[in-house]
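Since the structure comes first, as structure tokens, the remarks are kept for the end.
Residue numbers (the numbering used here): 2 to 201.
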């Protein structure tokens, strides 16, 4: 309760594995949480008994919360993307989160790590229907241009198209085939400044 900014009060809470860094209201009674799953770290003693000695961060965790009753929030749906070392700027910067609420589409740039596949960079797109994830897709992009000084990732939409921007390269996102196709490469120099303002 933030009605008194000098004296914020906790009305309700929910205990779940993992945590949400960023909470985005979708409707009056529905909220999307973006954060990370966690895993227990075990140690085994000389008798073979295991005990938990800590936790570690795992994959990107997406959670839908029903907050119609502030005193009793409920988890409606959740998904985990990737494994340890997966990351997304959307977990700490709201500007990296895209909301196309008229179509129930939401998304963000991410680096997904899986032990067998390694790192994949690209765009995560969520289709939310009711209080469930109807579909989650990850559109992989090519390796970014690390020589560019435009080191940022963003996901935006213009009309019916979704665009993923990564380190000075603009991709159009093909949702059906889960692929990002390069359409424009931003050159270095002062002409980058207007684009920085546009997509910040």
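Positions of the beta carbon are idealized from the N, C-alpha and C atoms, including for glycine.
Would you tell me roughly how many angstroms separate the C-alpha atoms of residue i and residue j, rounded to the nearest one?
i: residue 184; j: residue 17; result: 41 Å
i: residue 72; j: residue 88; result: 31 Å
i: residue 186; j: residue 166; result: 10 Å
i: residue 50; j: residue 164; result: 51 Å
i: residue 13; j: residue 33; result: 17 Å
i: residue 154; j: residue 27; result: 23 Å
i: residue 169; j: residue 48; result: 56 Å
i: residue 46; j: residue 7; result: 49 Å
i: residue 176; j: residue 144; result: 19 Å
Do residue i and residue j have their C-beta atoms closer together than 7 Å?
i: residue 174; j: residue 181; result: yes
i: residue 138; j: residue 65; result: no
i: residue 35; j: residue 74; result: no
i: residue 90; j: residue 115; result: no
i: residue 127; j: residue 107; result: yes
i: residue 136; j: residue 122; result: no
i: residue 69; j: residue 41; result: no
i: residue 111; j: residue 120; result: no
i: residue 93; j: residue 160; result: no
Beta-carbon within less than 7 Å of residue i's beta-carbon, same chain only, minus the 5 sequence neighbours each way: which residues are those?
i: residue 130; result: 105
i: residue 86; result: 114
i: residue 162; result: 173
CB-CB under 8 Å to residue i, same chain, minus the five flanking residues each way: which ones, in chain order?
i: residue 38; result: 18, 19, 58, 59, 60, 61, 62 and 81
i: residue 109; result: 35, 89, 90, 91, 97, 98, 99, 124, 125 and 156
i: residue 3; result: 9
i: residue 190; result: Because residue 190 carries a pLDDT of 48, less than 50, the predicted location of this residue cannot be relied on, and no value is offered for it.
i: residue 179; result: 138, 139, 140 and 141
i: residue 43; result: 51, 52, 53 and 54
i: residue 95; result: 23 and 25
i: residue 134; result: 63, 65, 78, 80, 127 and 128
Who are the Cβ neighbours of residue i in its own chain at under 6 Å, not counting the five residues just before and after it?
i: residue 77; result: 65, 67 and 132
i: residue 24; result: 32 and 34
i: residue 117; result: none
i: residue 79; result: 64
From the DSSP secondary-structure annotation, give me the bridge partner or partners of residue i.
i: residue 25; result: 33
i: residue 95; result: Beta-bridge pairing links residue 95 to no other residue.
i: residue 81; result: 62
i: residue 123; result: 111 and 141
i: residue 183; result: 172
i: residue 106; result: 101 and 128
i: residue 156; result: 165
i: residue 51; result: 45
i: residue 20; result: 37
Original post:
Is there contact here, the segment 89-105 with the segment 51-59, by at least three beta-carbon pairs under 8 Å?
Top reply: Between the segment 89-105 and the segment 51-59 there are fewer than three C-beta pairs closer than 8 Å, too few to call the two in contact.
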